[in-house]
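Written as structure tokens, this is what we have:
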């Protein structure tokens, strides 16, 4: 059963571009290295100056593999100084909805 | 070009179930009545007791149709007393990511 994860990041003053570039790199590395990740959407909310990553994994093993992946650990280490607060990351429940893709 | 919208809602004390039920109904009505909405994911973050709706529309006309739709106006009127704060709704930019569906 798919596992949904939402990550929320607020860049520090003047760091919006840098955090965005890091997230683009991370998205490419996740696509390349994590077959268990079936959806990864990096979203920028201009009005709020924040990034939200909406992630869907095949199962909890794929979530664990993501957490342990070197490219993920590197990205978070790199982003640490560029974020106003630590990222908020949570496994969430999808309670309703549809895709017409 | 697809338009991405994120809506964030924090239920008032004791209203989590009620808001969730309202969002399930809204998701069904959007699917039924809005062909321009191509993705609608209603997400509940238990740790935070909040709902995030991740929405994708065919174009800005579809976003306008959504805002004007009776089922949307009714849902927000109904939810007004059950939310701790007004919902935060923003058109956002998808800067990176992939779907393997």
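Protein chains in written order, with UniProt numbering: chain A, 1 to 101; chain B, 1 to 101.
Idealized CB from N, CA, C, for every residue including glycine.
Every value quoted in this text rests on a predicted model; they were computed, and no experiment measured them.
Contact with chain A is found for residue 39 of chain B, since one of that chain's Cβ atoms lies less than 9 Å from the residue's Cβ. With the criterion set as a beta carbon lying under 7 Å from some beta carbon of chain A, the members of the segment 83-96 of chain B are 90, 92, 93, 94, 95, 96, in sequence order. For the options A:2, A:77, A:80, the alpha carbon positioned closest to that of residue 38 of chain A is the one of A:2. Using a Cβ distance threshold of 9 Å, residue 82 of chain A and residue 27 of chain A do not count as a contacting pair. Contact between the segment 15-27 of chain A and the segment 84-100 of chain B is present, with at least three C-beta pairs closer than 8 Å. In this structure, residue 51 of chain A places its C-beta atom within 9 Å of the C-beta atom of residue 19 of chain A. Looking only at B:31, B:36, B:78, B:49, the smallest Cα-Cα distance to residue 9 of chain B is reached by B:49. For residue 60 of chain A, the uninterrupted alpha helix (DSSP H) run begins and ends at 60-68, by DSSP. Contact note: residue 42 of chain B reaches chain A through 94, 95, 96, 97, using a C-beta cutoff of 8 Å and chain order. Across the set B:17, B:35, B:87, B:88, the C-alpha of B:35 shows the shortest separation from the C-alpha of residue 59 of chain B. For the segment 50-75 of chain B, the residues whose beta carbon sits under 7 Å from a beta carbon of chain A are, in order, 52, 54. If you draw a 10 Å sphere on the C-beta of residue 32 of chain A, you find fewer than 16 other C-beta atoms in it, and that means exposed. Contact between residue 57 of chain A and residue 66 of chain A holds: their C-beta atoms lie close to 7 Å from each other, under 8 Å.
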